[in-house]
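Working notes, structure below.
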Amino acid sequence: DILFGLIKRLFIAKSSKTTTRKHPLKIIVMSASLNHKKFSKFFGSCPVLEIPGRTFPVKNVYCNHIGKDSINTPNYLTKAVNKAMTIHTECPSGHILLFLTGQDEIERCCDQLFEKAENLDYRYDVCSHDVDAMLVLPLYGSMSTELQKRVFAPVEDGVRKVVVATNIAATSLTIEGIRYVIDCGFVKQLSFNPRTGLDSLNIVLISQSEALQRAGRAGRTTEGICYRLYTRDVYDDVMSAETAPEIQRTNLAKVVLYLKTMGIHDVIRFDYIDPPEEKMVMEAVKQLYILGALDRDGGITAIGHNMVLFPLSPCLSRILLASLEFNCVESILIIVAMLSVEDVFLRPGDRKKFSKASKVWAELAASAGGNNDFLTLLYVFEECFRSVEPAKWCREHFLHWRAVKTAANILEQLKSIMQRQ
1 DILFGLIKRL FIAKSSKTTT RKHPLKIIVM SASLNHKKFS KFFGSCPVLE
51 IPGRTFPVKN VYCNHIGKDS INTPNYLTKA VNKAMTIHTE CPSGHILLFL
101 TGQDEIERCC DQLFEKAENL DYRYDVCSHD VDAMLVLPLY GSMSTELQKR
151 VFAPVEDGVR KVVVATNIAA TSLTIEGIRY VIDCGFVKQL SFNPRTGLDS
201 LNIVLISQSE ALQRAGRAGR TTEGICYRLY TRDVYDDVMS AETAPEIQRT
251 NLAKVVLYLK TMGIHDVIRF DYIDPPEEKM VMEAVKQLYI LGALDRDGGI
301 TAIGHNMVLF PLSPCLSRIL LASLEFNCVE SILIIVAMLS VEDVFLRPGD
351 RKKFSKASKV WAELAASAGG NNDFLTLLYV FEECFRSVEP AKWCREHFLH
401 WRAVKTAANI LEQLKSIMQR Q
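UniProt numbering applies: residue 1 is where the sequence shown begins, and numbers increase by one.
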């Protein structure tokens, strides 16, 4: 939103100069899924070019498990597992993509599918002669790259993949051979509460545009079917047409700080494609004032200019600057780097493994000095890189090596910025 707002300002400024009329600034906006009418209107009713892609028809089947009266208490996990097994035993060959909201759900779903698949007798239970095995594969953002690669690897004839995934599979990735999609109708979404000043990750109903994206995954290489676990009424009457843009539902402190740094003082009337609520902008201004990034008149301070140099949230940037005063830069740099990556604690789906992992993490916390999350993160990072084999140490302690390694890279980046302070 900020980038397009700035580009529009530049476009208007350039267009008004006679020297640039022979060589005007050209802006081309490309996307597979954006609302082209909204963008065309934003840029003065500019022309729209549509390039049709090669897709196959997808049939949407409403399974009626989730109605208007059960949206707030959906019970889709068992229904999704049963639907996947029904497809596997009764439908022709083709891989299955099952959408759930997060790692915990995905691990539980995979466990149930494994258990049911082991009890199948393919001589009697499976109708299709082209299907003689099921391969269950989880897919979510915090998985290691090696595990994610298994989803895309080819399989032997007769093996049906069942990929149980988050929304990452709806937009970011394309899995060959998907013929069936099971859509639970929900997603985890980050939202900001201006009353409490906190972000929260909530399970919410998807939008119609997200439902169409999910269904489209079944029509990439052949005709497909999307099984929607909700009713047609939920889709037509309850789901919003589009997902609320991130700028309308997340903390705007970083956005406001960027605008102030660029000399745009009236952040409420800035030309946003999707204008956020005024109270959310004012909450961001208030937060930046408390952090010392803005003065009483809303102007950016020296602290604010330093904060914007960091690729972090304003709160974390301010903590780093404060560490200079308290002479604890090294420790705070590590803690901030660890807070800037995905969760470093790997949560096994298996109950016995999770119980073991919990004991290991409790020992780490105790060694770090007690029940302090920040000191635990610091201890984990330092112990990991003290070990001879950091990756092995992470596996033994149920920790995400990729996340810790990313934190190490962020640490070096932050160190170079801090040296300029």
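Ideal Cβ positions, reconstructed from N, Cα and C, are used throughout, including at glycine.
- Here Ala153 has no same chain residue with a Cβ atom under 7 Å from its own Cβ, once five neighbours each way along the sequence are excluded.
- In this structure, the straight-line span from the alpha carbon of Ser16 to that of Phe39 is close to 21 Å.
- Contact between the segment 203-222 and the segment 175-186 is present: 3 or more CB-CB pairs across the two stretches fall below 8 Å.
- Distance check between Leu77 and each of Ala408, Arg108, Ile203, Thr89 places Arg108 closest, using alpha-carbon atoms only.
- The C-beta of Pro92 has fewer than 16 other C-beta atoms within 10 Å across all chains shown, which makes the residue exposed.
- In the three-state reduction of the DSSP assignment, Met143 falls in the coil class, being assigned neither a helical nor a strand state.
- Between the segment 223-241 and the segment 54-68, the count of Cβ pairs shorter than 8 Å is three or higher; the stretches touch.
- In chain order, Lys260, His265 place their CB closer than 8 Å to the CB of Gly299, counting only its own chain and leaving out the 5 sequence neighbours on each side.
- Scanning its chain for C-beta atoms nearer than 7 Å, with the 5 sequence neighbours on each side dropped, one finds no residue around Phe326.
- Within 10 angstroms of the beta-carbon of Gln413 lie fewer than 16 other beta-carbons, which makes it exposed.
- Out of Ala80, Lys254, Lys279, the CA that lies nearest to the CA of Leu291 is found in Lys254.
- Between the alpha carbons of Lys405 and Lys188 lies a gap of roughly 26 Å.
- Phe326: member of the alpha helix (DSSP H) spanning 314-326, first to last residue.
- Annotation for Phe4: Ile273 place their beta carbon closer than 6 Å to its own, counting only its chain and skipping 5 residues before and after.
- When the alpha-carbon of Asn409 is set against those of Arg395, Gly224, Ala337, the nearest one is in Ala337.
- For secondary structure counted as the beta strand (DSSP E) over 3 or more consecutive residues, the segment 6-93 holds these complete runs in sequence order: 58-66.
- Shown here, Gln248 sits in a helix according to DSSP, grouped into three states.
- Contact between Val81 and Cys226 is ruled out by a C-beta separation of about 17 Å, above the 8 Å threshold.
- Assigned with DSSP and collapsed to three states, Asp1 falls in coil, not helix or strand.
- Contact between the segment 338-345 and the segment 363-383 is present: 3 or more CB-CB pairs across the two stretches fall below 8 Å.
- Secondary structure of Asn119 (DSSP, three-state): coil.
- Beta-bridge partners of Ile178 (DSSP): His95.
- The closest CA to that of Asp130, considering only Thr89, Leu98, Leu139, is found on Thr89.
- When DSSP reads this structure, Asn193 sits in a beta bridge with Leu198.
- Separation of Arg150 and Ala211 (C-alpha to C-alpha, rounded to the nearest whole angstrom) is 26 Å.
- Apart from sequence neighbours up to five positions away, the residues of its chain that approach Arg318 with a beta-carbon distance below 8 Å are Leu291, Gly292, Ala293, Ile303, Met307, ordered along the chain.
- Considered as a whole, the segment 351-411 harbours 351-367, 373-386, 390-396 as its complete alpha helix (DSSP H) runs of no fewer than 4 residues, in chain order.
- Per DSSP, Ile273 lies in no beta strand (DSSP E) segment and is marked neither H nor E.
- Using a 10 angstroms sphere on the CB of Phe385, the tally of other CB atoms stays under 16, which defines it as exposed.
- Distance from the Cα of Gly94 is smallest, within the candidate group Asn60, Arg54, Cys63, Val162, for Val162.
- In the three-state DSSP reduction, Val126 falls in the coil class, being neither helix nor strand.
- Residue environment analysis places His397 among the buried positions, since at least 16 neighbouring C-beta atoms fall within 10 angstroms of its C-beta.
- In the DSSP assignment, Ile300 falls outside any alpha helix (DSSP H), carrying neither H nor E.
- Taken atom to atom, the span from the alpha-carbon of Ile27 to that of Asn35 is near 17 Å.
- The Cβ atoms of Leu201 and Gly185 do not sit closer than 8 Å to each other.
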